[in-house]
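Enquirer: One structure is given below, represented as structure tokens, and several questions about it will come after.
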Amino acid sequence: MSLRNTPQNYGTVAKWIHWLTAGLFLASYISIYYEIWFTPGLPPPGEPRDPAYWISLQIHLSIGVSIFVLVLLRIIWRLMNKPPNEEPGTRLEHFAARAGHYALYLFMIIQPILGYIGTSVDTEFFFLFDIPKFADTPLFEPLVVNGLGMTFQEFEVPMDFIHKEVFGRWVIWILIVGHISAALYHHYIRKDRTMYKMTNEAHHAPQQTQ
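If you read the sequence shown in numbering that gives the first Met the number 0, its first letter stands for residue 0, the second for the next number, and so on.
Quick look at the structure:
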């Protein structure tokens, strides 16, 4: 198994990044919905934090940072390694596949950024070290206070809405369902090697349908 991509298959590095990102994405939803459904949430000022709330929130924030870093690494690796050859298909199918991948990359960069800049607490990265919240960084005042004329409380509202309600509830699921549907279409309808390129590289595609 090659570390780098080949004309026939994705390499080990690309596969690990792909599946690790998918696993972290699932874990991010589990952690945040655990926090929403099973913990009392953010306490009023001056009251102690519920440990389960804080742990689940920090896991979610830490996973978001991890996904952001992984996607950047994946983009760099993709630029250094030509992807496998495309399977036979129409120009529209190839365009849709590329557009879907680019949309996923863009989302997985923007969504963690929105989560970070709209968070009112520091990120305790898997409880190893702290990442200061955006409001405490040198960028906040020139970009938000001076540039937009907003306090953090005013800035947080639209960022939180886009992160949770627009991207978190709708956009990501449209992209994920489209991505999985395309993979299943190639596997069961087109019967080509699209799925095998990211899973079992030794498997040969069954005879394609006409």
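All C-beta atoms in this analysis are idealised placements derived from N, C-alpha and C, irrespective of residue type, glycine included.
This one's a predicted model, so the numbers in the text were calculated from it and none came from an experiment.
From SER61, ARG90 and PHE67, pick the residue whose C-alpha is nearest to that of ASP121; which is it?
Expert: Taking only the C-alpha atoms, the option nearest ASP121 is SER61.
Enquirer: For ALA13, count the other beta carbons within 10 Å of its own beta carbon; 16 or more makes it buried, fewer makes it exposed. Which is it?
Expert: So ALA13 ends up on the buried side.
Enquirer: Determine the direct distance from the alpha carbon of PRO50 to that of PRO39, and round the result to whole angstroms.
Expert: Computed Cα separation, rounded: 10 Å.
Enquirer: Roughly how many angstroms separate the alpha carbons of MET79 and ASN199, rounded to a whole number?
Expert: So the two alpha carbons sit approximately 22 Å from each other.
Enquirer: Between which two residues does the alpha helix (DSSP H) holding ASP159 run?
Expert: Note, ASP159: alpha helix (DSSP H), 151-160.
Enquirer: Going by CA-CA distance only, name the one from ARG3, GLN7, ARG168 and TRP169 that's closest to PRO87.
Expert: Checking every option, the nearest Cα to that of PRO87 belongs to GLN7.
Enquirer: Whole angstroms are fine: how far does the CA of ALA96 sit from the CA of THR193?
Expert: Their Cα atoms are separated by approximately 11 Å.
Enquirer: So what does PHE126 bridge to, in DSSP terms?
Expert: Looking at the DSSP assignment, PHE126 forms no beta bridge with any residue, so it has no partner.
Enquirer: Is there contact between the stretch 28-35 and the stretch 66-76, where contact requires at least three CB pairs shorter than 8 Å?
Expert: No, the stretch 28-35 is not in contact with the stretch 66-76.
Enquirer: Which whole-angstrom value describes the C-beta separation of VAL170 and PHE125, a residue pair presumed to lie in contact below a C-beta threshold of 8 Å?
Expert: Their Cβ separation, rounded to whole angstroms, is 27 Å, which puts VAL170 and PHE125 out of contact at 8 Å.
Enquirer: For the alpha helix (DSSP H) containing ARG90, name the first residue and the last one.
Expert: Counting along the chain, the alpha helix (DSSP H) containing ARG90 begins and ends at 90-116.
Enquirer: Let me confirm a value: GLN209 is counted as buried when at least 16 other C-beta atoms fall within 10 Å, else exposed. Which label applies?
Expert: Since pLDDT at GLN209 reaches only 42, below the 50 mark, its modelled position is unreliable, and the value read off the structure follows with that caveat. Exposed, by the Cβ-count rule.
Enquirer: Closer than 7 Å to a non-hydrogen atom of the ligand NAP - does that hold for the CB of LYS81?
Expert: As far as ligands go, the structure on display features none, and thus does not contain the ligand NAP.
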